[in-house]
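Chains as they are written, first to last, in this note's numbering: chain A, 34 to 285; chain B, 76 to 285. What follows is a set of notes on a single structure, which appears directly below.
Shown next as structure tokens:
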């Protein structure tokens, strides 16, 4: 199934109000994304790691989820050390690695990993539909939240549909290669996927209208702020403020 | 290609987020309540289509299909892509929260531009070869513009990104032809099987309700 592992667990992070988690993660991401100083970035990384330890995310899951961001970072490491001018650090044939470039790449690596680690703590401790309800509670536009729910709900259904179509062409002896036949087959497959999806959308819409859908989604669970939620939010705000001050004192 | 967290400069992030907010606002204005299920399910379909790997010589590329998305959804491509990318960030950690604005803009703006440039070819009654040519142009230009915008976002962050930005644009060039071909074939298929899906954007609102 496409999607995250079921968010089970009983750590402190799991039991926090999802609204608090969303606000905290957004705040953290923004503060870290605009920071430059290594002290700030390293403390952010430390904070991120302690949050993820607290959430008890399995190591394997953490590593697997860190792969996409680090592939992109790897691409930058190929170029960045060589595209600055300054104090040479090492050389590879005609290319000279420059101190500033290496520092810049290192800064980006710490930054992205810190942000993504905290994001992983969020998604590993909250189910995706709960996040949708929390966004609604945080007054995100209603249409966006509805769109989010429908997409979440149907990604898996449509993925199964795709697997079915892919199996159907495989059974008929289709072997993908670099040729027109492959491209045409895959294009028709995507087309069929769209046709089936739009049929399904029509049926879902009719079914919802039959059940009296008038543009409101109701959640069975209600959120409530507990003392621990308020305390964590205040702690997070204080820490972010501290990072901000640490970052800003460089400028002054 | 999604830009990861922590790479872009704050000004690029803010500009991307602001422009995406504007685009999403326009898209949401055009999205009626009755259309939300179909827009949501179509954006799920495009999410799945982006997992399809197409062989290209020794490597394989994954589909983007933002041209076709623009053709079918018009301005509604903005909210659809925003939700799709948000979901990818949450589920697979492709892209991220702070880069959501820039990444959405890089995918959705080309979709909308191509919808205005080439969308007329998908209207009912255009000839078969006109549809094929405009759909090809739509699919390939959308990917090309996306590549250029990704490169430009990197370049605006700092001169040092220029080589990486060039590589990103160069990598999009072969993909462009594959995307164009697939979009054309897909539009041809939809015209024969389900023309209303292609023409949805061009039918007056009242007439499309059945």
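C-beta: ideal position from N, C-alpha, C; glycine also.
Burial state of residue i, where buried means 16 or more other Cβ atoms lie within 10 Å
| i | result |
| --- | --- |
| residue 282 (chain A) | exposed |
| residue 216 (chain B) | buried |
| residue 119 (chain A) | exposed |
| residue 71 (chain A) | exposed |
| residue 207 (chain B) | buried |
| residue 85 (chain A) | buried |
| residue 258 (chain B) | buried |
| residue 231 (chain A) | buried |
| residue 70 (chain B) | The structure shown has nothing for residue 70 (chain B), since chain B only spans 76 to 285. |
| residue 144 (chain A) | buried |
| residue 191 (chain B) | exposed |
| residue 141 (chain A) | buried |
| residue 251 (chain B) | buried |
| residue 54 (chain A) | buried |
Separation of residue j from residue i, as counted between CA atoms
| i | j | result |
| --- | --- | --- |
| residue 168 (chain B) | residue 276 (chain A) | 24 Å |
| residue 185 (chain B) | residue 234 (chain A) | 26 Å |
| residue 265 (chain A) | residue 161 (chain B) | 25 Å |
| residue 123 (chain A) | residue 83 (chain B) | 26 Å |
| residue 34 (chain A) | residue 196 (chain A) | Confidence at residue 34 (chain A) is low in this model, with a pLDDT of 49, below 50, so its placement is unreliable and the value that follows should be read with caution. Each residue's alpha carbon lies about 11 Å from the other. |
| residue 189 (chain B) | residue 126 (chain B) | 22 Å |
| residue 230 (chain B) | residue 278 (chain A) | 29 Å |
| residue 289 (chain B) | residue 90 (chain B) | Outside the modelled stretch of chain B, which goes from 76 to 285, sits residue 289 (chain B), for which no answer is possible. |
| residue 105 (chain B) | residue 175 (chain A) | 14 Å |
| residue 151 (chain A) | residue 240 (chain B) | 28 Å |
| residue 181 (chain B) | residue 102 (chain B) | 16 Å |
| residue 81 (chain A) | residue 92 (chain A) | 14 Å |
| residue 182 (chain A) | residue 209 (chain A) | 34 Å |
| residue 154 (chain A) | residue 205 (chain B) | 50 Å |
| residue 256 (chain A) | residue 268 (chain A) | 20 Å |
| residue 197 (chain B) | residue 262 (chain B) | 8 Å |
| residue 272 (chain B) | residue 280 (chain A) | 52 Å |
| residue 134 (chain A) | residue 222 (chain B) | 24 Å |
| residue 273 (chain A) | residue 58 (chain A) | 11 Å |
| residue 184 (chain A) | residue 67 (chain A) | 31 Å |
| residue 142 (chain B) | residue 271 (chain A) | 45 Å |
| residue 180 (chain A) | residue 132 (chain A) | 47 Å |
| residue 360 (chain A) | residue 171 (chain A) | Past the boundaries of the shown model lies residue 360 (chain A); chain A is included only from 34 to 285, so the question cannot be answered. |
| residue 106 (chain A) | residue 136 (chain B) | 19 Å |
| residue 246 (chain A) | residue 237 (chain A) | 11 Å |
| residue 164 (chain B) | residue 266 (chain B) | 33 Å |
Contact check, residue i vs residue j, beta carbons under 9 Å
| i | j | result |
| --- | --- | --- |
| residue 242 (chain B) | residue 108 (chain A) | yes |
| residue 116 (chain A) | residue 234 (chain B) | yes |
| residue 89 (chain A) | residue 42 (chain A) | yes |
| residue 275 (chain B) | residue 186 (chain A) | no |
| residue 194 (chain B) | residue 140 (chain B) | no |
| residue 221 (chain A) | residue 253 (chain B) | no |
| residue 148 (chain B) | residue 117 (chain B) | yes |
| residue 120 (chain B) | residue 177 (chain B) | no |
| residue 146 (chain A) | residue 99 (chain A) | yes |
| residue 211 (chain A) | residue 152 (chain B) | no |
| residue 171 (chain B) | residue 149 (chain A) | yes |
| residue 219 (chain A) | residue 129 (chain B) | yes |
Cutoff 9 Å: residue i Cβ touching any chain A Cβ
| i | result |
| --- | --- |
| residue 250 (chain B) | no |
| residue 203 (chain B) | no |
| residue 173 (chain B) | yes |
| residue 127 (chain B) | yes |
| residue 222 (chain B) | no |
| residue 122 (chain B) | yes |
| residue 78 (chain B) | yes |
| residue 138 (chain B) | yes |
| residue 247 (chain B) | no |
| residue 199 (chain B) | no |
| residue 142 (chain B) | no |
| residue 227 (chain B) | no |
| residue 90 (chain B) | no |
Cutoff 9 Å: residue i Cβ touching any chain B Cβ
| i | result |
| --- | --- |
| residue 51 (chain A) | no |
| residue 148 (chain A) | yes |
| residue 243 (chain A) | no |
| residue 205 (chain A) | no |
| residue 251 (chain A) | no |
| residue 305 (chain A) | Because chain A is modelled from 34 through 285, residue 305 (chain A) falls outside the range shown and cannot be assessed. |
| residue 170 (chain A) | no |
| residue 200 (chain A) | no |
| residue 65 (chain A) | yes |
| residue 233 (chain A) | yes |
| residue 15 (chain A) | Because chain A spans 34 through 285 in this model, residue 15 (chain A) falls outside it and cannot be assessed. |
| residue 186 (chain A) | yes |
| residue 123 (chain A) | no |
Uninterrupted beta strand (DSSP E) stretches inside the stretch 180 to 218 of chain A (no shorter than 3 residues): Runs found: none.
Contained alpha helix (DSSP H) runs [length at least 4] in the stretch 79 to 132 of chain A, N- to C-terminal order: Within the stretch 79 to 132 of chain A, complete alpha helix (DSSP H) segments of at least 4 residues are found at 92 to 112, given in chain order.
Could you tell me which whole beta strand (DSSP E) segments of length 3 or greater appear in the stretch 222 to 246 of chain B? Qualifying beta strand (DSSP E) stretches: none in this window.
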